[in-house]
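A.B. asks: Here the working numbering is used: the first residue of the sequence shown is 897, the next is one more, and so on. Heads up, the beta-carbon is just placed ideally off N, CA and C, and yes, glycines get one too. Treat the numbers as computed from the prediction; the structure is a model and nothing was measured. This is the structure I want to talk about, given as structure tokens.
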Amino acid sequence: MTLKTLPDYPDRYALSNELHARPFPVLDAPCNAVFLAIKQPKNAAERDRLVDIAHLIELLDRYGSPHPPPGASHYSGALGRGFLKWEMHTEVVTYTFYTGDRVGEPFSSDLFKLFPADWLAKAPGNAVTTSIVHIETVAPEDRARVMEEKFPTWFVAESLAASRVTEDHAIIAGDFRIDENGHSRFAVLANPEISSARLGRITQRVLEVELYKSLSMLTLPEARKVASTLDRLDRELSSNALGLEQSHGQEREDLDRLLKISAEIEQLSTNTAFRFGAFEAYSAIVGQRIEALREQRVGDSQLFSEFMMRRFDPAMRTCRSARKRLEDLSSRASRAANLLRTRVDVANQEYNNETLRQMDNRAAMQLRLQKTVEGLSVVAISYYAVNLLAGLLGPVGKTLGLDKVTLVAILTVPVIVMVWKTVHRIREKLEGDDAP
């Protein structure tokens, strides 16, 4: 029964199909896998994907093969006498060409002639890795002889890693070096009874180990440059932090230096955020793909996992160390800024307290001056008031037999009291009006 009336959640089918979008190849030995990964040198994650698709279509047209659907991020189909698998990743585009035609000797550079030279010259980016996987069937009893005879001519013994994988269905080998033709070499010696699907999965995982190993290693030069810059910034920040204890009164200069250091750290973090985030994802995929191969030791050869532990993991630790140092330095700069901010706040508080004390002193001085002026005002007003009243009441005083001096003496005290009360009442009223 189908629910025709129930609408589908947006992208339901697209998300479901994404799980099946990149199937493993189905291979029959003997055959070869020619692998090419192309990446733009800068801002690869933000590149124009239509350019990648146009480059693929140009290759398909050379062989008369059908085009991928619009907006495709992967493609699989026949290409000439072989089979092409194309994938668009976040940063790279990969081409894997599987062919059963034995062209010359194993790992011959002629295999890459399957990709036309003029077409390669127009690639939208540079080669991150180019690899050849030589696949043939070898009976278990012949493995030791084949490895002894052929591996010394195929690989560099010092770097060779080889292991039995997927319950001894095949032996994989590679030295992770770039040969004289510019390609990495891998070999898959499969049991005659191995299924085509299992052989395809083993080959695909070997290629993914090489791809994601190469993408992870792109972070190493960036990490080294970051480490060199961090050494300088660390010294500057340490010097500036020690100076905070001694440079009183130079908060502005200290703040300017801290801001400059913090801005450079932030810029460094922004510029490396994607690269440092990407290498963690890529290096994790390397470990997962090797784990999926379920390695077992063959002879005295090191396993792929052992090679990665000795050669690959130290590089990844260098990258993690640079990222951790960058994060720590950013935290230290933030703490130094907080300390300086606290110091500035304390200085500001002391300045404010001193300002308030000075304001209190000025207010007290003004109050004393006001009282002095008030007393002088009472005397002056009383003087004029007594003289006015003495002149006004002079006739009355003569009638009462009082001379002017006696009359002034009688009027002085009451006038002074009255003037003082009047002035005091006016001041109280003004103070009352100014109160909030």
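1. What did DSSP end up calling N1257 once you bin it into helix, strand or coil?
2. Between R1153 and T1125, what straight-line distance do the alpha-carbon atoms span, to the nearest angstrom?
3. Cβ of V930 within 8 Å of Cβ of F1008?
4. In chain order, which beta strand (DSSP E) runs of at least 3 residues are fully inside the region 978-1057?
5. Give a yes or no on contact between the region 1120-1134 and the region 1193-1201, applying the rule of three or more CB pairs nearer than 8 Å.
6. Have a look at T1062, V1061, R1060 and M1043 and flag the residue whose alpha-carbon is nearest the alpha-carbon of A1053.
7. What three-state label does DSSP hand V1084 in the structure shown?
8. Going by other Cβ atoms of all chains shown within 10 Å of its Cβ, with 16 needed for buried, is Y905 buried or exposed?
9. DSSP three-state call for Y909: helix, strand or coil?
10. For A950 and D907, what's the separation of their Cα atoms in angstroms?
11. Rank I1306, L1095 and L980 by C-alpha distance to the C-alpha of I1068 and give the top, closest one.
12. On the DSSP bridge list, what partners appear for Y971?
13. Which runs of the alpha helix (DSSP H) at least 4 residues long sit entirely within the region 1170-1214? Give them in chain order.
14. Could you check where the alpha helix (DSSP H) with G1070 kicks off and where it finishes?
15. Along the beta strand (DSSP E) that carries L932, what are the first and last residues, could you check?
16. Anyone know if the C-beta pair for L1104 and R1207 falls short of 8 Å?
17. Using C-beta distances below 6 Å, list every residue in its chain close to V1034, excluding the 5 sequence neighbours before and after it, in chain order.
18. Under a Cβ-count criterion, where at least 16 other Cβ atoms within 10 Å of its own Cβ denotes burial, should N986 be classed as buried or exposed?
19. Go ahead and label T990 buried or exposed: buried means 16 or more other beta carbons lie within 10 angstroms of its beta carbon, across all protein chains shown.
20. So A950 is in the alpha helix (DSSP H); what residue range does that whole segment cover?
21. Given that a residue counts as buried once 16 or more other Cβ atoms are within 10 Å of its Cβ, and exposed if not, what is D1071?
22. Just grab the DSSP bridge partners of V1061 for me.
23. Given R943, which residues of its chain have a CB within under 6 Å of its CB, disregarding the five upstream and five downstream residues?
24. What separation, rounded to the nearest whole angstrom, lies between the Cα atoms of K1325 and T1308?
25. For L1116, which option in T1214, Y959, A940 and E1032 has the closest C-alpha, if you only look at C-alpha atoms?
26. Between the Cα of R1039 and those of R1060, M1212 and L1199, spot the shortest distance and give me the residue it belongs to.
27. Going straight from the alpha carbon of H963 to that of S972, what length do you get?
28. From E1162 to V1029, what distance separates their C-alpha atoms?
29. Can you tell me whether DSSP reads M897 as helix, strand or coil?
30. Using the C-alpha atoms, what's the distance from T1238 back to E1246?
31. Going by the CB atoms, is the gap between A925 and I1098 shorter than 8 Å?
32. Relative to the C-alpha of A910, which residue among L1056, G967, P1036 and I1312 is closest?
33. Rounded to whole angstroms, what is the Cα-Cα separation between L1133 and D1150?
34. Helix, strand or coil: which one does DSSP assign to L1154?
35. What's the C-alpha gap between N1087 and L1016?
36. Where do the ends of the alpha helix (DSSP H) carrying V1102 lie?
C.D. replies: With the given structure in hand:
1. Position 361 of the sequence shown, counted from the first residue, corresponds to residue 1257. The answer is helix: DSSP assigns N1257 an H, G or I state.
2. Taking the sequence shown and counting its residues from 1, one reaches residue 1153 at position 257. Taking the sequence shown and counting its residues from 1, one reaches residue 1125 at position 229. Approximately 16 Å, taken between the alpha carbons.
3. Locating residue 930 in the sequence shown gives position 34, where the first residue counts as 1. Locating residue 1008 in the sequence shown gives position 112, where the first residue counts as 1. Yes, Cβ-Cβ distance for V930 and F1008 is below 8 Å.
4. 978-984, 988-995 and 1022-1033
5. no
6. The residue labelled residue 1053 in the question sits at position 157 within the sequence shown. Taking only the C-alpha atoms, the option nearest A1053 is M1043.
7. The sequence position of residue 1084 within the sequence shown is 188, counting from 1. The answer is strand: DSSP assigns V1084 an E or B state.
8. Counted from its first residue, the sequence shown places residue 905 at position 9. Counting Cβ neighbours within 10 Å, Y905 comes out exposed, since fewer than 16 surround it.
9. Locating residue 909 in the sequence shown gives position 13, where the first residue counts as 1. Of the three classes helix, strand and coil, the one that applies to Y909 here is helix, per DSSP.
10. If you number the sequence shown from 1, residue 950 lands on position 54. If you number the sequence shown from 1, residue 907 lands on position 11. C-alpha separation (whole angstroms): 26 Å.
11. Counting from one through the sequence shown, the residue named residue 1068 turns up at place 172. Minimum Cα distance to I1068 is reached at L1095.
12. If you number the sequence shown from 1, residue 971 lands on position 75. In DSSP, Y971 forms a bridge with W982.
13. 1200-1203
14. Translated into the one-based positions of the sequence shown, residue 1070 becomes position 174. No alpha helix (DSSP H) contains G1070, which is instead part of the beta strand (DSSP E) from A1066 to I1074.
15. For the purposes of this step, residue 932 is taken as residue 36 along the sequence shown, with counting starting at 1. Where L932 is concerned, the enclosing beta strand (DSSP E) stretches over C927 to K935.
16. Within the sequence shown, residue 1104 is the residue found at index 208, counting from 1. Within the sequence shown, residue 1207 is the residue found at index 311, counting from 1. The sequence as given places Glu at residue 1104; Leu does not occur at that position. No; because the gap between Cβ atoms is not below 8 Å, this pair is not in contact.
17. One-based indexing of the sequence shown puts residue 1034 at position 138. Only V1042 and L1085 meet the Cβ criterion.
18. The residue given as residue 986 occupies position 90 in the sequence shown. One detail in the question is off: residue 986 reads as Thr in this sequence, not Asn. That one is exposed.
19. Translated into positions along the sequence shown, residue 990 becomes position 94. So T990 ends up on the buried side.
20. Within the sequence shown, numbered from 1, the residue matching residue 950 stands at position 54. Looking at the DSSP string, the run of the alpha helix (DSSP H) that includes A950 is R945 to Y959.
21. Here residue 1071 corresponds to residue number 175 of the sequence shown, with the count starting at 1. Per the 10 Å Cβ criterion, buried.
22. Walking along the sequence shown from the start, residue 1061 turns up at place 165. DSSP output for V1061 lists A1066 as bridge partner(s).
23. As a position in the sequence shown, residue 943 is number 47, starting the count at 1. Closer than 6 Å at Cβ, skipping near neighbours: Q936.
24. The sequence position of residue 1325 within the sequence shown is 429, counting from 1. The sequence position of residue 1308 within the sequence shown is 412, counting from 1. For K1325 and T1308, the distance between alpha carbons rounds to 26 Å.
25. For the purposes of this step, residue 1116 is identified with residue 220 of the sequence shown, where counting begins at 1. Selected option, being the one with the closest Cα: T1214.
26. Numbered from its first residue, the sequence shown carries residue 1039 at position 143. Answer by Cα proximity: R1060.
27. Position 67 of the sequence shown, counting from 1, holds the residue named residue 963. Position 76 of the sequence shown, counting from 1, holds the residue named residue 972. The alpha-carbon atoms of H963 and S972 are separated by roughly 10 Å.
28. Along the sequence shown, read from residue 1 onward, the residue named residue 1162 stands at position 266. Along the sequence shown, read from residue 1 onward, the residue named residue 1029 stands at position 133. Spanning the two alpha carbons is a distance of roughly 43 Å.
29. One-based indexing of the sequence shown puts residue 897 at position 1. The predicted position of M897 is uncertain, since its pLDDT is 44 and thus under 50; a value taken from the coordinates is nonetheless stated next. In this structure, M897 counts as coil in the three-state DSSP scheme.
30. Locating residue 1246 in the sequence shown gives position 350, where the first residue counts as 1. Locating residue 1238 in the sequence shown gives position 342, where the first residue counts as 1. Rounded to whole angstroms, E1246 to T1238 spans 12 Å at the Cα level.
31. For the purposes of this step, residue 1098 is taken as the residue at position 202 of the sequence shown. For the purposes of this step, residue 925 is taken as the residue at position 29 of the sequence shown. Contact flag unset, no.
32. Translated into the one-based positions of the sequence shown, residue 910 becomes position 14. Out of L1056, G967, P1036 and I1312, G967 has the C-alpha closest to the C-alpha of A910.
33. Indexing the sequence shown from 1 puts residue 1133 at position 237. Indexing the sequence shown from 1 puts residue 1150 at position 254. Rounded to whole angstroms, L1133 to D1150 spans 11 Å at the Cα level.
34. Translated into positions along the sequence shown, residue 1154 becomes position 258. L1154: helix per DSSP, three-state reduction.
35. Residue mapping note: residue 1087 aligns to position 191 of the sequence shown, counting from 1. Residue mapping note: residue 1016 aligns to position 120 of the sequence shown, counting from 1. Roughly 35 Å separates the two Cα atoms.
36. For this step, residue 1102 is matched to residue 206 along the sequence shown. Residues S1092 to M1113.
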